[in-house]
Ligand code: CA
């Protein structure tokens, strides 16, 4: 059902995974067999939708199936855990308010075990739930009511990001439109133009850009970028964000990437 099984086949000793056709809901795995022969397999990408509102579950599964994905729908959090203990999907779409275990508890359970991509479905008002979900390791979220086509686009984007480089490969440059961030050379480019960043500016940008849409508080940034220090306070974070915006944003007064989340902190919009 998913390419994870193929990777564990005993006759195969190396498996460079090439994923080339998410748009059709398919994953292509190219493996090298024991005699050096190429084994190419194409499998359908499986998505588990955990949503207790039948009308939403129905329209989501309809659009995902049309996009070529294999879809299973469950309405109960505890039942979902039982299923995932036996068979992990390639991606999870997870409502937060659920009977049985809720979406946040499921995310916590999952993140103790593996890194299956998670997209959360959240209510418009529940910003604290969204933040909690992202902090626990959800990869993205969609706010209800949403367009099913937008959800399909998010699914493809998360699959591309989590399966073909991006933050999953520590040494690969991150590219967001014209902005390119290279962790090996520590260089940032906007189109052809090289942008000079200080060490801390780079570290902060890299941390935020590796976790698109995840909100970091000033204290978290201080802790992750500077480590503990008596001499630094959270206003340093504000200053560094301002300088970064002046360097990387087209319009620093209206930042497209380094976005303030009022009352909480900052996030990187891809
Ligand atoms: Ca619900």
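Numbering (our numbering), first residue to last: 14 to 283. Note that beta-carbon positions come from the ideal geometry of N, C-alpha and C, so glycine has one too.
DSSP places residue 58 in the coil class of the three-state scheme, outside both helix and strand. According to DSSP, residue 211 shares a beta bridge with no other residue. Counting along the chain, residue 129 sits inside no alpha helix (DSSP H), nor does DSSP assign it H or E at all. Judged by the Cβ position, residue 111 qualifies as a neighbour of ligand 1 at the 8 Å threshold, a heavy atom of the ligand being closer than this.
Residues 88, 89, 108, 110, 111 and 112 of the same chain have their beta carbon placed closer than 8 Å to that of residue 65, with the five preceding and five following residues left out of the count. Judged by DSSP secondary structure, residue 86 falls outside any alpha helix (DSSP H) and instead within the beta strand (DSSP E) spanning 83-87. Taking all protein chains shown into account, residue 141 has fewer than 16 neighbouring C-beta atoms within 10 Å of its C-beta and is therefore exposed.
Across the structure, residue 80 and residue 70 are spaced so that their CA atoms are roughly 15 Å apart. Here the region 111-125 lies against the region 84-103, with 3 or more beta-carbon pairs under 8 Å apart. At least one heavy atom of ligand 1 sits closer than 8 Å to the Cβ of residue 65. Sequence-distant Cβ neighbours of residue 258 in its own chain, meaning closer than 6 Å and more than five residues away, are 265, 268 and 271. Boundaries of the beta strand (DSSP E) around residue 202: 200-203.
The region 90-115 is shown to contain whole beta strand (DSSP E) runs of 3 or more residues at 104-108, in chain order.
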